[in-house]
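Trainee: The structure that follows is given in the form of structure tokens.
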Amino acid sequence: MSKNDKLARDLRARFRENGVLAVNLVSSPGSGKTALLEATLREMRALGWAVAAIVGDLATENDALRLARSGAPVRQIETGTLCHLEADLVARHL
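Residue numbers (our numbering): 305 to 398.
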């Protein structure tokens, strides 16, 4: 098992133990991920849920700024050349 796979497994266990539902959205640019998250965060906060978002982007914080308008805590991870979030990047931003 790779180091990333082991850390990802450990993170899933940590989320489960703390009653955290973590969702990973992946799709093409412009497909509506941020719009979906923006509406979801806003609606869930209105219902009294504790929600937050970790946003991965190659070089900008545009999506994080947009999601922050929902009032939910948002952490931005600039991935540089990575097109996805490695488990250690997620762990460092929790």
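The beta carbon of each residue, even a glycine, is placed where N, CA and C say it ideally should be.
A quick note: this is a predicted structure, and the numbers were derived from the prediction, not measured.
If you draw a straight line from the alpha carbon of alanine 317 to that of glycine 323, how long is it in whole angstroms?
Mentor: Roughly 10 Å between the two C-alpha positions.
Trainee: For glutamate 321, count the other beta carbons within 10 Å of its own beta carbon; 16 or more makes it buried, fewer makes it exposed. Which is it?
Mentor: With fewer than 16 other Cβ atoms within 10 Å, it is exposed.
Trainee: Does the beta-carbon distance from valine 394 to leucine 315 come in below 9 Å?
Mentor: Going by C-beta atoms, valine 394 is nearer than 9 Å to leucine 315.
Trainee: Pull up the distance between the alpha-carbon of serine 332 and that of glycine 375, whole angstroms please.
Mentor: Going by the C-alpha atoms only, they are around 26 Å apart.
Trainee: Kindly indicate the opening and closing residues of the alpha helix (DSSP H) around glutamate 347.
Mentor: 337–350 is the span of the alpha helix (DSSP H), which, as asked, contains glutamate 347.
Trainee: Taking the continuous beta strand (DSSP E) assigned at leucine 326, which residues delimit it?
Mentor: Strictly speaking, residue 326 in this sequence is alanine, with leucine absent from that position. Where alanine 326 is concerned, there is no enclosing beta strand (DSSP E), given that its DSSP letter is neither H nor E.
Trainee: With DSSP as the reference, please indicate the residues paired to arginine 379 in a beta bridge.
Mentor: For arginine 379, which the question treats as bridged, DSSP gives the partners Ile358.
Trainee: To the nearest angstrom, how far is it from the Cα of leucine 362 to the Cα of arginine 313?
Mentor: Cα to Cα, the separation comes out at about 24 Å.
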